[in-house]
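The sequence shown lines up with residues -8 to 683 when you count with the numbering used here.
Glycine included, each C-beta is placed from N, C-alpha and C at the ideal position.
Take a look at the structure below.
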Amino acid sequence: MIKKIMMVLALITLVFSASFADVYIKDLDGTNVEVVFTFKDDAATEMAVIGDFCGWVEPGIPMAKNADGKWEVAVKSTMDGVLKYKFWYKGTYIYDFKSPDKIDDGFGGNNGLIEVSKVLAKQKAAELAASGDAAGAAALMAQAGAGDSGLKFLTWSMLGFQTKFTVGEEMAAESAGINLKSYWKMTGNAVPNMPVFFEVAVAEQDSFENLYKKGTREWKDGLKNLLVDTIFDPVYYLDGYDAADATKLGHFKAGFENDYVTYTTGYKYAKLPPHTNVNWTTVTDNWDAGYNAVGGYSYIATGNAVTEWFNDILGAKIKAAIAPNRTADRAGNQYGMYAWATAEFAGQYVDFQYNGAYGKTFDTIFGNIYETDFIVGYQGKFGPVTAKANALVNLWGDGNLTHNENGEIFKTKYTPSSSDVSMVDPTAPFVDNMAANVNVSYSDDYIDATIGWRARGNQANMMYVKQADGGTPISDQLGARNTMKAWLDFNYKFQYGNLGINPYMVTTWNKEAKLSMDTAEQMEIGAKLFGGYDFDVVKFDAYANATFKTDIEDGFSIGDIGLKVSTPLVLNGLALVLGYDPADADADFITGIFELGLPAGINAQAGLGYRVAKDDSKAYEGKELGFFLGANMKLNIPQKPILYTQLVWGMDPYKGFGDGQDNINYDGYTLGDGASDYAGFGAFRVALRWDI
């Protein structure tokens, strides 16, 4: 019997060490631990880990190469800690397939999940099994599995107060209110091998006007309303009395999985499973199954057993997926489909993807093919050199039949959804309907370098990539319409720092392009200089951007500039972040921000901003100066919510309510919302945020 137990535990040890190679936990003192993340990618020139332990603030916590050539970083936690995470590489989230556990991320994929006490117990069980202590190992494995259930509860919730006021010669209250944003989620296996994920939007209020609003609601009415309705109908009240958009099902996903196939179906705000094709993310993680409460998708993908079967037979790891859906328009009204297949062999990788946009009713689904995308990708590694290439071709159909005031019937021009392309011309030449990206990288201990070229036709588009709600992933990846770009990224690394330059040139792709907003011959030349130096006691990071445009007089301009100075020697860490942002048409915005780690886990921020008028502009006259103070800390109470408070005056550097609002909204070392945000206004806030 003991021999059988030993064999089982030895197998557990082998499986555990193979599956958990990227996470290891060090017990420091019985209460505190270090979670050590490692990631192996010889082609990567940088790597980071990102998760709830850093507020999901991009780009996460930088990793460094260890003696084995793996990327590594240690994150502090406690014995009762629970960490959700992904790896981060140059704007791309990477799921750790070797994570101890997983949990649905709400965006079509999974986060790695680490329950510290359980993972540590499994580690110790594996060590005991290896040393021959079968009974002790079995007891620890039983302890590690105690309390496990098929479903896990998550919530992303925040409850806060804000009062907003005007600043300047006369201060006056504008509004005040209490807000609740709360999303309750369940994920896991409902029954074995049948994962589900559903999210209930309990409340989505973010107006902060239910206590007072100038000219509409007086304080006495708001306070009376608060007293009555937090007792009699708290959720309805905190959700803003919005019966049409009250507590509702947000995301719903269900399916089954085994070693051979994975099937998932999603509905409403559930996100399509994302896909990355070498240089391009070709299905983004924010494309809804149907935000109008209609539509949905099915997703069928090959399992690990199929991949290994192909590898045994052909020597290539082949994967494939197909996703018929009714969300080609993201709202849930139009049928569509995407499918991809990949193969990895001998250091080479190829990827082929098809997208299609079809009709809006089941009986006319293939009556007109409005859009077809063919996307191919290749990546090859040759020692220290990595070559990458992508190509995209669009085929367009006509729009729908309609008639004008005279009753004449004609075909409209099709406009793809959530895109910067509109009213396409099916007769446009090939160069208007294609895009490409080719780049070659070299990396060693001292140099990271990439030389690349890309081009985008005037109508080149990627379905299932959401260019809406302020996001620009199509133009970020393909470039602006009807442009081509050549660039060089060069970074020299030395013992205590780095120095680099990223020059580029952008010009018109096709001067004869149809429907083009701008086909004039033009050229933009730009460069980013960056560098850093680490003195151990203090670290410097800086960058500066500049551009020259040939089509305008005095075309040279300085772009944003940033400097960060940080030291670990002041309390729990001090950083000074200086930024210069010239993006606003009326003023340059100069900012200085201090971030300080205090005892008891308190994080404090303070800063100043000043708007320097351009060309005698009066847009910010009397509103030039801004400042802010803020602090947050994790409370040592059940579920450990984050408490934060903020005073902003003439500027607001923080992320929006519900978007990680206790974190500064950096864009590089400048602020993401620019000079105009909160000019002439101020606010005081105090709130709690839960991420369970």
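Checklist entry - In whole angstroms, what is the alpha-carbon distance linking N720 and D436? => result Lying outside -8 to 683, the shown extent of the chain, residue 720 is not represented and no answer is given.
Item to check | Limits of the beta strand (DSSP E) - the one that W300 falls within | outcome: From DSSP, W300 is part of no beta strand (DSSP E) but of the alpha helix (DSSP H) over N295 to L305.
Checklist entry - What are the start and end residues of the alpha helix (DSSP H) that includes D551? => result No alpha helix (DSSP H) holds D551; the beta strand (DSSP E) holding it covers F547 to T558.
Next on the checklist: Taking a contact to mean a Cβ-Cβ separation below 7 Å, would you say N381 touches N430 in this structure?
Outcome noted: no
Checklist entry - In terms of residues, what are the limits of the alpha helix (DSSP H) holding V219? => result W210 to F223
Checklist entry - How many whole angstroms separate the CB atoms of I584 and I628, which I take to be in contact at a CB cut-off of 8 Å? => result With a Cβ gap of about 29 Å, I584 and I628 do not count as contacting.
Checklist entry - Does the separation of the CB atoms of G570 and Y660 fall below 7 Å? => result One thing to note: G570 has its Cβ within 7 Å of the Cβ of Y660.
Item to check | Nearest-angstrom Cα separation, counted from S432 out to G621 | outcome: Going by the C-alpha atoms only, they are around 42 Å apart.
Checklist entry - So G462 and A426 are in contact, right, with Cβ under 8 Å, and what is the actual spacing, rounded? => result G462 to A426, Cβ: 18 Å. No contact.
Next on the checklist: Just to confirm before moving on: does the CB-CB distance between N526 and K262 stay below 7 Å?
Outcome noted: According to the sequence displayed, residue 526 carries Phe and not Asn. Not a contact, by the Cβ cut-off of 7 Å.
Next on the checklist: On a Cα-Cα basis, can you pick out the residue from L202, N424 and A451 that is closest to D411?
Outcome noted: A451
Next on the checklist: Considering just the uninterrupted stretch of the alpha helix (DSSP H) at L469, what are its terminal residues?
Outcome noted: P464 to L469
Item to check | E709 - containing beta strand (DSSP E), residue span | outcome: Residue coverage of the chain in this structure runs from -8 to 683, which leaves residue 709 outside it and unanswerable.
Checklist entry - Starting from G107 and walking both ways along the beta strand (DSSP E), at which residues does that stretch end? => result Here the sequence assigns Val to residue 107, which means Gly is not the residue at that position. Taken as a continuous stretch (DSSP letters only), V107 belongs to no beta strand (DSSP E), being part of the alpha helix (DSSP H) at V107 to S122.
Checklist entry - Going straight from the alpha carbon of A610 to that of A674, what length do you get? => result 21 Å
Next on the checklist: Distance check for A296 and G517, CA to CA, integer angstroms please.
Outcome noted: 48 Å
Next on the checklist: Only counting the same chain, and skipping five residues up and downstream in sequence, which positions put a Cβ closer than 8 Å to that of D43?
Outcome noted: L74, K75, Y76 and D682
Item to check | Inter-residue spacing [alpha-carbon to alpha-carbon] between K351 and D320 | outcome: K351 and D320 have their C-alpha atoms roughly 10 Å apart.
Next on the checklist: Considering only DSSP beta bridges, list what W79 is partnered with.
Outcome noted: According to the DSSP secondary-structure assignment, W79 is paired through a beta bridge with A39 and Y84.
Next on the checklist: Please tell me whether G641 and L616 are closer than 7 Å, where the distance is taken between their beta carbons.
Outcome noted: yes
Item to check | Where A284 falls: helix, strand or coil (DSSP) | outcome: coil
Next on the checklist: Between Y258 and A292, how many whole angstroms is the CB-CB distance? I'm expecting something under 8 Å.
Outcome noted: About 18 Å separates the two Cβ atoms, so there is no contact after all.
Item to check | Bounding residues of the beta strand (DSSP E) (the contiguous stretch that carries G617) | outcome: Run containing G617: L616 to K625, per the beta strand (DSSP E) assignment.
Checklist entry - What is the rounded straight-line gap between the Cα of D364 and the Cα of I313? => result 14 Å
Checklist entry - Do G684 and K113 have their C-beta atoms closer together than 7 Å? => result Lying outside -8 to 683, the shown extent of the chain, residue 684 is not represented and no answer is given.
Item to check | Nearest-angstrom Cα separation, counted from Y15 out to Y86 | outcome: In this model, Y86 and Y15 are separated by some 17 Å (Cα to Cα).
Checklist entry - Is G592 helix, strand or coil when you go by DSSP? => result helix
Checklist entry - Roughly how many angstroms separate the alpha carbons of D575 and G671, rounded to a whole number? => result 16 Å
Checklist entry - So, using beta-carbon positions, are P358 and G323 closer together than 7 Å? => result According to the sequence shown, residue 358 is Gly rather than Pro. In this structure, G323 does not lie closer than 7 Å to G358 by Cβ.
Checklist entry - Which term fits D551, buried or exposed, when burial requires 16 or more other beta carbons within 10 angstroms of its beta carbon? => result Label assigned to D551: buried.
Next on the checklist: Quick check on the burial criterion: 16 or more other C-beta atoms within 10 angstroms. Buried or exposed for G138?
Outcome noted: The predicted position of G138 is uncertain, since its pLDDT is 48 and thus under 50; a value taken from the coordinates is nonetheless stated next. Classification for G138: exposed.
Checklist entry - Given a threshold of 16 other Cβ atoms within 10 Å of its Cβ, counted over all protein chains shown, does F11 qualify as buried or as exposed? => result Low confidence applies to F11: its pLDDT is 37, below 50, so where it sits in the model is not reliable, and the reading given next is rough at best. Classification for F11: buried.
Next on the checklist: Taking the beta carbon of M475 as the centre, do at least 16 other beta carbons fall within 10 Å, making it buried, or is it exposed?
Outcome noted: Per the 10 Å Cβ criterion, buried.
Checklist entry - Apart from the five residues just before and just after F247, which ones in its own chain have a Cβ nearer than 8 Å to its Cβ? => result N184, M185, P186, T253 and Y254
Checklist entry - What residues match up with G598 in a beta bridge as DSSP calls it? => result Within the DSSP secondary-structure output, G598 pairs in a beta bridge with I584 and F619.
Checklist entry - Which residues in the same chain as D197 place their Cβ atom closer than 7 Å to its Cβ, once the five residues preceding and following it in sequence are excluded? => result N170, K172, F648 and G649
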